[in-house]
Each structure stands twice: as C-alpha cells, then as structure tokens.
Amino acid sequence: MGLRTITSRMVALPYENVDTDQIIPARFLKTTERSGMGKLLFHDWRYDPAGNPRPDFILNRPEIAGAAILLAGNNFGCGSSREHAPWALADFGFRAIISTSFADIFRNNCLKNGILPVLVGRAVHQELFALAAADPNAEVTIDLEDQTLSHPNGLRAEFPIDAFSKKCLIEGVDDMGYLLGQLRRITEYEERLLK
Numbered sequence: 007m008g009l010r011t012i013t014s015r016m017v018a019l020p021y022e023n024v025d026t027d028q029i030i031p032a033r034f035l036k037t038t039e040r041s042g043m044g045k046l047l048f049h050d051w052r053y054d055p056a057g058n059p060r061p062d063f064i065l066n067r068p069e070i071a072g073a074a075i076l077l078a079g080n081n082f083g084c085g086s087s088r089e090h091a092p093w094a095l096a097d098f099g100f101r102a103i104i105s106t107s108f109a110d111i112f113r114n115n116c117l118k119n120g121i122l123p124v125l126v127g128r129a130v131h132q133e134l135f136a137l138a139a140a141d142p143n144a145e146v147t148i149d150l151e152d153q154t155l156s157h158p159n160g161l162r163a164e165f166p167i168d169a170f171s172k173k174c175l176i177e178g179v180d181d182m183g184y185l186l187g188q189l190r191r192i193t194e195y196e197e198r199l200l201k
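Mind the numbering: the sequence shown is residues 7 to 201 in our numbering, read in order.
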C-alpha cells in the first residue's frame with residue numbers, strides 16, 4: 007500500500023529521548039513475526055506490572071483509535087537498533103511520525119518499513135503540540151509528494167526526504183521490492199553486457 011497523503015489526528019507523545027527499548031522492550035524481540043507487534047508498542051508505559059492497561063496512557067485512550075500520525079518528542083528512536091520498533095509502530099497503525107530529530111538507524115528502519123519520519127523545526131513542533139492539546143481531534147495533512155505538513159489554521163511546513171525513500175514509500179515497496187521491480191531491466195542490461 008503506497009503512501010502519498012495522510013490526513014489524521016495526531017497522537018501527542020511529548021517525551022524526549024524515547025529509545026527503542028521504550029518503544030518495544032528487548033524481551034519481546036524473539037519473534038520475526040510483524041503481525042501483533044502493535045499490542046507490545048510502549049508496553050511498559052501502557053501496562054502495569056500485572057498486564058492491565060494504564061487508562062491514563064495516551065495509547066490506551068479510545069479517542070485515539072485510528073490515528074495514523076505520532077507526534078513525538080525530540081530525539082525519537084534513539085538507543086540500540088531494532089527493527090521491531092517500526093514493526094510495532096506500523097502494526098499499531100502509525101504511518102508517520104513527526105519530530106524535531108530521529109536517531110539515524112531508527113529513521114532508516116522506519117523508511118524501510120513503510121513509516122514516514124517527518125522532520126520539523128522546533129517552532130512547528132511546538133505549534134503542533136499546542137494544536138493537539140487545544141483540540142485532540144485536530145487533523146493535519148502530510149503530503150509526501152509535495153513534502154509538506156499542513157493544517158487548516160494556516161500552518162504549513164516542508165520536510166526533507168531522499169528521492170529513493172520517497173519513491174519507495176509512494177510505490178509501497180521496500181528496498182528488495184524496488185529491486186525486484188527492476189528485475190526485467192537488470193536482466194536486459196546483463197544480457198547486453200554478455201553479447
């Protein structure tokens with residue numbers, strides 16, 4: 007499923023320096039199955055030691071159901087590299103994450119797993135958090151083709167993304183899917199070389 011435009015409410019998670027062990031604890035990394043990882047997202051924040059949902063944690067609130075955009079604090083996804091983190095975010099339903107900074111490996115893992123990391127400046131970041139606090143139902147639009155984030159109140163910001171990652175997200179393929187899509191051209195090229 008390709009990604010061109012997302013219009014959604016934001017789930018505001020204002021914590022800074024959220025590492026991958028907070029996104030998904032290491033004890034859940036024994037699986038290579040992506041399905042079902044969403045229930046483990048922010049596990050130690052979402053559930054008490056007995057496994058009961060904490061009603062005050064934002065991901066447990068019914069009003070965020072269906073939200074596809076996570077508004078995260080600064081330096082999101084830092085710490086050790088684990089591809090399970092974007093798996094859990096994607097399985098929960100997030101298609102984009104907005105922050106002022108991402109750990110490089112986490113950012114790349116997101117891109118390879120169909121999640122758009124949207125990098126914004128501090129002023130826009132603060133405005134988005136204020137918007138989410140004032141109206142939890144406020145929706146923003148992320149347009150990947152134009153590389154913009156906007157809200158009807160006039161907020162508009164551009165964000166960077168490399169051309170290859172953008173193409174893969176729009177086409178709904180990962181690196182391998184893109185390569186396999188080029189197989190005919192690769193084969194033709196190799197045949198020309200061997201003549």
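Yeah, the Cβ is synthetic: ideal placement off N, Cα and C, and Gly gets one too. Predicted model only: the values in this text are computed from it and were never measured.
- Restricting attention to N58, R33, Q28, the CA atom closest to the CA of F82 is found in Q28.
- The residues I30, F34, A94, in chain order, have a CB closer than 6 Å to that of L46 in the same chain once the five nearest residues on each side in sequence are set aside.
- In the three-state DSSP reduction, M43 falls in the helix class (H, G or I).
- Per the Cβ contact rule, the region 111–123 is not in contact with the region 48–62 (fewer than 3 Cβ pairs under 8 Å).
- Between A73 and R15, the C-beta spacing is below 9 Å.
- The Cβ atoms of F112 and T13 lie no closer than 9 Å to each other.
- If the five residues before and after H157 are omitted, its C-beta is found closer than 6 Å to the C-beta atoms of V146, all from its own chain and listed in chain order.
- It is roughly 14 Å from the alpha-carbon of S171 to the alpha-carbon of A102.
- DSSP places I103 in the strand class (E or B) of the three-state scheme.
- In this model, D180 and C174 are separated by some 6 Å (Cα to Cα).
- Between the C-alpha atoms of R52 and R162 there is a straight-line separation of about 32 Å.
- M7 counts as exposed, since fewer than 16 other beta carbons sit within 10 angstroms of its beta carbon.
- For V17, the uninterrupted beta strand (DSSP E) run begins and ends at 11–19, by DSSP.
- If you look at L95, you'll find it in the alpha helix (DSSP H) that goes 90–98.
- In the same chain as L117, and ignoring 5 residues on each side of it, the C-beta atoms closer than 6 Å to its own belong to S171, in chain order.
- Leaving aside the five residues that flank Y184 on each side, the residues in its chain whose CB is nearer than 6 Å to its CB run, in chain order, C174.
- Secondary structure in the region 113–201: the alpha helix (DSSP H) runs of 4 residues or longer, each lying completely within the stretch, are 128–140, 169–177, 181–187, 189–200 in chain order.
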